[in-house]
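First the structure, in the form of structure tokens, and then the observations on it.
There are 4 protein chains.
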Amino acid sequence: MEKRKNNRTKEQGAETKKQIYACAEKLFRADDYQNVSVEAITNMAGVTKGTFYVHFESKDALLLELMMAYVKRMDMQYNSFFEGLPDEMASADVILTVVDKIIELMTDQLGCQNMRAVYRMQLSSTVKMEVVKGYGRKMYKIFQEILERGVQRQEFITKLSPEVLARHFVMAIRGLTYEWCIRYPDFDFKQEASMHIGLLLDGIRVDKIYNLVIK
Amino acid sequence: MEKRKNNRTKEQGAETKKQIYACAEKLFRADDYQNVSVEAITNMAGVTKGTFYVHFESKDALLLELMMAYVKRMDMQYNSFFEGLPDEMASADVILTVVDKIIELMTDQLGCQNMRAVYRMQLSSTVKMEVVKGYGRKMYKIFQEILERGVQRQEFITKLSPEVLARHFVMAIRGLTYEWCIRYPDFDFKQEASMHIGLLLDGIRVDKIYNLVIK
Amino acid sequence: MEKRKNNRTKEQGAETKKQIYACAEKLFRADDYQNVSVEAITNMAGVTKGTFYVHFESKDALLLELMMAYVKRMDMQYNSFFEGLPDEMASADVILTVVDKIIELMTDQLGCQNMRAVYRMQLSSTVKMEVVKGYGRKMYKIFQEILERGVQRQEFITKLSPEVLARHFVMAIRGLTYEWCIRYPDFDFKQEASMHIGLLLDGIRVDKIYNLVIK
Amino acid sequence: MEKRKNNRTKEQGAETKKQIYACAEKLFRADDYQNVSVEAITNMAGVTKGTFYVHFESKDALLLELMMAYVKRMDMQYNSFFEGLPDEMASADVILTVVDKIIELMTDQLGCQNMRAVYRMQLSSTVKMEVVKGYGRKMYKIFQEILERGVQRQEFITKLSPEVLARHFVMAIRGLTYEWCIRYPDFDFKQEASMHIGLLLDGIRVDKIYNLVIK
DNA sequence: CATGAATGAGCCTTCATTCAT
DNA sequence: TATGAATGAAGGCTCATTCAT
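Chains as they are written, first to last, in the numbering used here: chain F, 36 to 250; chain W, 36 to 250; chain A, 36 to 250; chain X, 36 to 250.
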């Protein structure tokens, strides 16, 4: 009898934590981390401030958990999306499609405010970078793979190694994301990214070069 | 006699303001805007809080002034450098040289920590965006001008307008700068920028394309 | 068991609020609203400033509650006294008796200093007028009712409507109260009020007029 | 030569003081004393804060001067107006006309905010009452005189002495003024005062009583 | 007489966090 | 697990007043 109670209590506890978690996410998406108070979160979650501290060590700890989850989730999603693409697809299209997906995920799942928080954290020397540092690692690997294949298939031509190129693509994505963060909502993330990555690709795409010369 | 007195008090006032200004800059460089209190600034400047409000309408107003000064200073320097370049220089080289100069200015005059502060500020929702939006305007104009000329001289070929292209070059610079800020000191800003901008140029440089095809 | 605990904490909270409330009242009685700081209140109440804001949204909100309580208490007491009066009593006497009672309540239950505080508050532009405006509403209704009945019973004769007349009686009471507040203790509130209201009644009392004419 | 200079300086000084004075008056009329800052006054007067303290010991001192001047001016104006009325005018009309004039003076020359300040001061035990206390003295004398004459001419009939009656009329005026202060701008001071004083007069006017009985 | 920079005490309010229950 | 009262440090800002010039 006691056990059952314990289980139920635990379940309820987990439920409550999830609730808080979800509300925090919603609020962080709408406003800056610093402007979202614990009270606002607990009010939305329908619990008291005390409860918050039962489940989270601090506001910072919550943010950390949140971001770790994001990074993990994003990375997994990039990857599974990438792996789902048909092998015969043109490498340039693969890159453009993946980029599109990445932006879609950021826009829909993270939201601008959250991304902003991540970027701000990276610029704050104080904050534990470890968590956030992992961010982009998967993206880098994917780009590298695609580029490598593209070169092998002679779709791409370049003097740079796939590793170096991949780094620059990731940098471009990061730069665009930064732009999105500071220009939101007056920035069409998807379109600008397509164009920008398109530009980078133009320099290495065999087909484009061929086309230009024919003309 | 009266004038001199007046001048002297005025001078002192300006001095104090500068002092506050300088301390604020130092502190904002080290920490986030929101975490720097007016009191911290005035303590460092050796004045009272009241004095702060003699010279600045609010904490926000100070930040605004600070950022405007940054933007203005940088913009002026880009420009005077650009105007000093010989007209007959190849457009691609002009771009690469200007980019080099921009990086040099940032590295030598502002420093990474300072730039970091600017970027952090831009990510703080507190700051009125209007001012920040002006940032890079000069850079943008310069790129636009070079690209336009390059197209006219048939050094560049592209389906995009010079305006759009310029925007993307500026974005690239910004992205690289962000990268520099978060990777410092493990990031060779100059080299990475040259390579990155080089990649972007590759897609529009007539000479490169020609070379590739010949081979 | 859980409930009792909850109740106890709640009780303590209510207790604290009351304590703050009482101290605020005391201080507002002694000095102007603007000159009483939240800190002064909390110091007196033996709590911290933070606690204040647990129980009251703002200093203004506290004042509002305070005033509403005053108004409500007084109004209830007027009313129950009035309703206890015999129906057959002469209307002029009813008015004079009610006025007597009103003065008695003010004198004995509120006290001059308190009334002073209320009047000072009403003169402070800070306070939201809506609440204050309600003040005297009950008194007004009572006067109106008596006057109406008096006219119907032909004890009173006047060209003015009971509503208008009632308003003027209320104003007279308020004026007298103000006088009491600033002249205390050199002002025989009860006597002066009787005389003053008597004068106002003289103009509408049929019996008085009749008497005068006979003579 | 020195003297002339001194004179000129003095003149200018007086001018400046007047200027500050006038601006303070304007601002106090528009807003509460506590909400009008020294800076606001000096800004409007086009002088610096330092100058303010050359001419006035403190903000309070300025208010005091202002009020003393008001009281004096008002009293003088009541009086000269009253003395200008034709001797043969009916006493009731004299009272009504004088009351009208009093209200006019308050409305046009003092303004509601100023009056409010006076009334608040009277309710503040701390403030030096001496100055404000004189307020109304002249008014009382005028009423007394009119009432006395009215009784002598058998226009008024009452069991009360002119002194006592006069006191009640003054109280009524004060009450109405208080009402004006707290109800402004939703209070038609002139009309309400006419009506109210009319009511008081009704009880002592021989003509009115006569009229009623005839009907 | 006039300036205006500087003061410093004070104000209201916020908020992450603790803790007894 | 959940509550909610209490904390206390901090924060941005105001303003009457002083004083050297």
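Glycine included, each C-beta is placed from N, C-alpha and C at the ideal position.
| Asked | Found |
| --- | --- |
| With distances taken from CA atoms, which of G233(F), D128(F), M111(F), K243(F) is nearest R30(F)? | This structure cannot settle anything about residue 30(F), because the visible part of chain F is limited to 36 through 250. |
| Which one or two residues does DSSP pair with R240(W) in a beta bridge? | F191(W) |
| Is the CB-CB distance between E190(X) and S126(X) below 7 Å? | yes |
| Counting only the same chain and skipping the five closest in sequence on each side, list residues whose C-beta sits under 7 Å from that of E37(F). | Because the pLDDT of E37(F) is 43, which lies under 50, any placement of that residue in the model is unreliable, and the number read from its coordinates should be weighed accordingly. Around E37(F): no qualifying Cβ. |
| Thinking C-alpha only, which one of G238(W), H203(W), D242(W) is nearest R188(W)? | D242(W) |
| Could you check what DSSP says for T142(X) in three-state terms: helix, strand or coil? | helix |
| Counting only the same chain and skipping the five closest in sequence on each side, list residues whose C-beta sits under 6 Å from that of D110(F). | K173 |
| Identify each residue in the stretch 210-227 of chain X for which the Cβ-Cβ distance to at least one residue of chain A is less than 7 Å, and report them in chain order. | G210, L211, Y213, E214, C216, I217 |
| Looking at chain F, is there any beta carbon in it that lies within less than 7 Å of the beta carbon of V248(W)? | yes |
| List, in order along the chain, the chain A residues whose C-beta lies closer than 7 Å to that of Q157(X)? | I217 |
| Nearest CA to the CA of Y88(W): which residue from L236(W), E198(W), T51(W), I192(W)? | T51(W) |
| In whole angstroms, what is the alpha-carbon distance linking Y105(X) and Y175(X)? | 17 Å |
| In the DSSP assignment, the alpha helix (DSSP H) including D66(X) goes from what residue to what residue? | No alpha helix (DSSP H) holds D66(X); DSSP gives it neither H nor E. |
| Give every residue of the same chain whose Cβ lies closer than 6 Å to the Cβ of I6(X), excluding the five residues on either side of it in the sequence, and list them in chain order. | Here chain X has residues from 36 to 250 only, and residue 6(X) is not among them. |
| Is the CB-CB distance between H203(A) and H231(X) below 7 Å? | yes |
| Would A201(W) pass as a contact of L235(W) if the rule is Cβ separation under 7 Å? | no |
| Closest to A57(W) by C-alpha separation, out of V82(W), Q112(W), L140(W), would be which residue? | V82(W) |
| What would DSSP say about L211(F), mapped onto helix, strand or coil? | helix |
| Along chain F, in chain order, which residues have C-beta atoms closer than 9 Å to that of M206(W)? | A207, G210, L211, Y213, E214, E227, H231 |
| Just the chain A side, please: which residues come within less than 8 Å of R172(X) by C-beta, in chain order? | The contacting residues do not exist; R172(X) stays about 14 Å from chain A at best. |
| Give me the chain W residues within the contact set of Y154(F), using Cβ-Cβ distance strictly less than 7 Å, ordered along the chain. | L158 |
| Which residues in the same chain have their Cβ closer than 8 Å to the Cβ of K61(F), if we skip the five residues on either side of it in sequence? | M79 |
| Can you have a look at T44(W) and say buried or exposed, based on whether 16 or more other CB atoms are within 10 angstroms of its CB? | exposed |
| In the DSSP assignment, the alpha helix (DSSP H) including D221(A) goes from what residue to what residue? | Premise fails: D221(A) is in no alpha helix (DSSP H) and is neither H nor E. |
| Looking only at C-alpha atoms, which of M156(F), N114(F), L195(F) sits nearest to M102(F)? | M156(F) |
| Excluding the 5 residues preceding and the 5 following Q148(A) in the sequence, name in chain order all residues of the same chain whose CB lies nearer than 8 Å to its CB. | R64, A65 |
| When the cut-off is 7 Å and only beta carbons count, does R151(F) lie next to chain W? | yes |
| Report the neighbours of Q69(F) on chain W: residues whose CB is nearer than 7 Å to its CB, in chain order. | Q69 |
| So, are the CB atoms of Q226(W) and E198(W) less than 7 Å apart? | no |
| Rounded to whole angstroms, what's the CA-CA distance from K136(X) to W215(X)? Just pull it up for me. | 16 Å |
| Give the straight-line distance between the Cα atoms of K53(A) and F91(A), rounded to the nearest whole angstrom. | 11 Å |
| Within the 7 Å Cβ cut-off, does L235(X) reach chain A? | yes |
| To the nearest angstrom, report how far apart E139(F) and T212(F) are at their CA atoms. | 12 Å |
| 7 Å is my cut-off, CB to CB: does G238(X) come that close to chain A? | yes |
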